[in-house]
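Chains as they are written, first to last, in my numbering: chain A, 1 to 330; chain B, 1001 to 1502.
Built from N, CA and C at the ideal position, the CB exists for glycine as well.
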Amino acid sequence: MMRSPRLPLYITLATFLLAYAICASQYPSMLSTRVIANLLTDNAFLGITAVGMTFVILSGGIDLSVGSVIAFSGVFLAVILRDTSIHPLVAFALLLGITIAFGAAIGSIIHYLEMPPFIVTLAGMFLMRGLAYVLSTDSVPITHEFYDTLQGIYWKAPSGGRFRLIGGIMILCYVVAMLVLHRTRFGQNVYALGGNAATARLMGVPIARTTIGIYAIAGGLAGLAGIVYSIYTSAGYSLSTVGVELDAIAAVVIGGTLLTGGSGFVAGTFLGILIMGLIQTYIVFDGTLSSWWTKIVIGGLLFAFIMLQKALGWATTTRRRPALEFATRS
Amino acid sequence: MTDQKKPVLRAAGIDKFFAGAIALDQVDLTLFPGEVHALLGENGAGKSTLIKCITGAYHRDGGTIRLGDTEIDPRGPEESQALGIGTVYQEVNLLQNMTVADNLFLGWQPMRAGMVDRRQMNRRAQDILAEYGLHVDPSLLLSSYSIAIQQVVAIARAVELSGKVLILDEPTASLDRDEIDLLFSVVRELTARGMAVVFITHFLDQVFEIADRATVLRNGRVVGTRKLAEVTQGDIVELMLGRHLEAAKRDRSHATPGDTILSLKGYGKRGMIEPFDLELRAGEVVGLAGLLGSGRTETCKVVFGAVTADQGSAELRGKEIRLTSPRGAVEHRFGLCPEDRKIDGIVGDLSVRENIVLSLQARQGWTRPLSRARINELVDEYVRLLDIRLASPDMPIRLLSGGNQQKALLARWLATNPDVLILDEPTRGIDVGAHAEIIELIEGLREQGMALIVASSEMEELVAYSTRVMVLRDRRQVRELTGDEITTDRIVKAISQEETAA
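This is how it looks when you write it as structure tokens:
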């Protein structure tokens, strides 16, 4: 028996299919495209955030600042569109510039000052939340016709589900992330860094560039998630998306990525997001359950996946093939 | 012969100073294509420093390095690797979480249309490894293969990236015999292709088996370069030590053991070691012999209480005791120097001083701290007594060489003045000189009336100091040898006779 690195991914997939089967058996209408479309739309901003989180966790780090970055992004967009006349697209570009620079700065501090990511991104979390408050403490509505246009873009499935733009953006993020992680040298360096930073350095991986790149991606994707969130809610509020970073971490872990880094797949994170969304949808369908059950089920799932990682870890250390099975000597 | 060829690498007059101390003094090293060149010397002789100066990990303070016809000045391992000098270390420096092919190609993956071409990568990895006689699936995780195969993958990577000089730094330390053969066949393959291989090791047998020439370093100077076909092991050892290693002499006149200190009856732990009897008297060294995995380390741990025995009884000076934890064992004046000193023994970032007094202080309890003066007195005494070579007792212990770390660990337990001292592989990974000193020390302790249990894989060593030898096989005590029965032959026979009987 060999351990495939894909095994946790398959388990996540099985969990998702099982959960969906249970849901569908109780509420057959959950199979409709409408439910699926809403699942994508409602979880778009979280899904995009979790892509960035996957990069960070794969490299052996953690990013606690993303929730605050989303809130900041929302307030920033709302305030700038209220107070100035610049086009939202320009505002988007400006915001992405800021959040990417912010992420790169965090990555630089982590690398050059050799600080633990936990502390640096915790500081970043307070900083961005504070900046959001400074911009506005109230919920600022966004009333721009371009937003109406964006919200109006959707593809209507034959059975009535509306697949909106923001869900599409999320899926695009996952596709691009998959290509970057598995088919570029940068992506391979992310895995190398998560496997063992000292070894990666000896093998010639550019540690500085990779670390800064990873946190810049996480920051940029949090900014993009902020844009998506502002399209989703048509407002910016400094108190919103508290704890989203933790939801994103949960999705990554349920998706089968090792919290210590080096092993995992962005596709797993996507399934993790869908599982979490599915639980919420089930509770909405049920109508009698408190929404806190979402948290309880996610907590249980997290425990289960942590145990799974531990068990797989043991399996690899005990089942190593002997050398000579593979060697032919003359 | 090699002499007519042009050298592939020529390092001349390499100097390196560390904060006032001379680490390398005008060291020359010449490598010819197609040769295996052993780099020998005691720990601290300057082998690693020389390698680091050549690969650019250290900045050298003088001398020139010529690779082929050009003078090079690499500023780091990556640069020297790009120039053609690859290095493989004892601890495999590859990524366990990635596939074999990923490890082989990290940083220079074949690309197609801006994307990593995995199919081509796996195919080429398979071809490359096949050249080394290795038929593995390169798309599997590296961690699914044994250390030996990982070692070969590391070599393959180094060769693919460099291709002129390959430096192997203690590559065989954690391999078994078959795996060493595999590694050596790979090395021979490479030298046949005209590469120069530098081989650093403590195992002289292996040097004579694989190497063509050897350069011996002592105290940062080259004391000689020899063709191995023309010299004996004794000559090399003499060069390394600068003196004849006294043939381990057996003098059993003092071997009149005193009172029984520890008596174990039917002592054992299911799944780790079958029940065994052990009578340990003052002034006695009981050697534990056996192959790897025969239960040597397990016996040590059970006696020390690091693993609690689940059967049998223990008596200390006639009184029944229970050994359930190392802490309890220390209170009963037991000491254990574990096998893996880096993991179980030293606290790397604490100073040598702190490491030495650790156990004594632990036994005293934190409410009664040792006075500064007492600590200094103790540390100075043991540093002198055991001849621990260090710049200052305040330096972190991880900076000491292996042999000196081992001595500091011994000092830690000697400071507690134990009645029973258990040493698990006390001479592993240390050089010949320190080796002899530790053997001498064991003898000395025995003469002072201490009772020792020493587990070792080196038969000659056991023969040198044991008053009795307990032979273990398959986690079972199979034979006890005493007095004149203790010879390497008898120990080997005791292990193998059981094999035919089984």
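Query	Result
For T210/A and V134/A, the rounded distance between their alpha carbons	32 Å
Beta carbon proximity, T184/A to chain B, threshold 8 Å	yes
Test: S263/A CB closer than 8 Å to a CB of chain B	yes
C-beta neighbour in chain A for G981/B, strict 8 Å	As shown, chain B starts at 1001 and ends at 1502. That puts residue 981/B outside it, with no answer to give.
Through-space distance from E1377/B to R1296/B, alpha-carbon basis	35 Å
Distance CB(V1197/B)-CB(V1187/B) smaller than 8 Å	yes
DSSP-derived helix/strand/coil call for L1175/B	coil
Spatial distance of S1457/B from A1464/B (CA atoms)	13 Å
Burial state of E1246/B (16 or more Cβ within 10 Å)	Summary for E1246/B: the model assigns pLDDT 45, below 50, so the residue's position carries little reliability; its value from the coordinates is reported in the next sentence. When all chains shown are included, E1246/B counts as exposed.
Other residues of its chain near A1494/B: CB distance less than 6 Å, five sequence neighbours each side excluded	V1471 and R1479
Cα-Cα separation between A1282/B and L1264/B, rounded to whole angstroms	15 Å
Residues of the stretch 1213-1230 of chain B whose Cβ lies closer than 8 Å to any Cβ of chain A, in chain order	none
Spatial distance of V1227/B from G1084/B (CA atoms)	First, the amino acid is wrong: residue 1227/B is Lys here, not Val. So the alpha carbons of these two residues sit roughly 25 Å apart.
Residues bridged to L165/A [DSSP beta-bridge criterion]	Answer is none; L165/A lacks a bridge partner.
Beta carbon of G1063/B nearer than 8 Å to that of V1216/B	no
Cutoff 8 Å: P1077/B Cβ touching any chain A Cβ	yes
DSSP-derived helix/strand/coil call for F1017/B	strand
Contact with chain A by M1098/B, beta-carbon distance below 8 Å	yes
With 16 other Cβ atoms within 10 Å as the buried cut-off, status of S263/A	buried
Through-space distance from K1016/B to L1134/B, alpha-carbon basis	40 Å
Residues within the stretch 1102-1129 of chain B neighbouring chain A, beta-carbon criterion of under 7 Å	D1102, L1106, G1107, Q1109, M1115 and V1116
Supposed close pair R1157/B, A1045/B - CB separation, criterion 8 Å	Contact doesn't hold; Cβ gap of about 29 Å is too wide.
Coil, strand or helix - P1110/B by DSSP	coil
Residues that N1093/B contacts on chain A, provided the C-beta gap is smaller than 9 Å	N196, A198, T199, L202 and M203
Under 7 Å by beta carbon: chain B residues contacting A192/A	L1095, M1098 and L1106
Beta-carbon proximity check, I214/A vs S59/A, cutoff 8 Å	yes
Contacts of Q188/A in chain D (Cβ-Cβ under 8 Å)	Note that chain D does not occur in the displayed structure, where the protein chains are A and B.
CA-to-CA distance, G219/A to A101/A, given in whole angstroms	8 Å
Three-state secondary structure (DSSP) of I11/A	helix
I98/A vs G226/A beta-carbon contact at 8 Å	no
Euclidean distance between Cα positions of D1061/B and A1023/B	10 Å
S1351/B - partner residues in DSSP beta bridges	P1396/B
Chain B contact residues for P5/A, given Cβ-Cβ distances below 7 Å	L1141
Proximal chain B residues relative to L179/A, where beta-carbon distance stays under 9 Å	M1115
Same chain, Cβ closer than 6 Å to F285/A, neighbours up to 5 away in sequence not counted	Y27
Coil, strand or helix - Q1448/B by DSSP	coil
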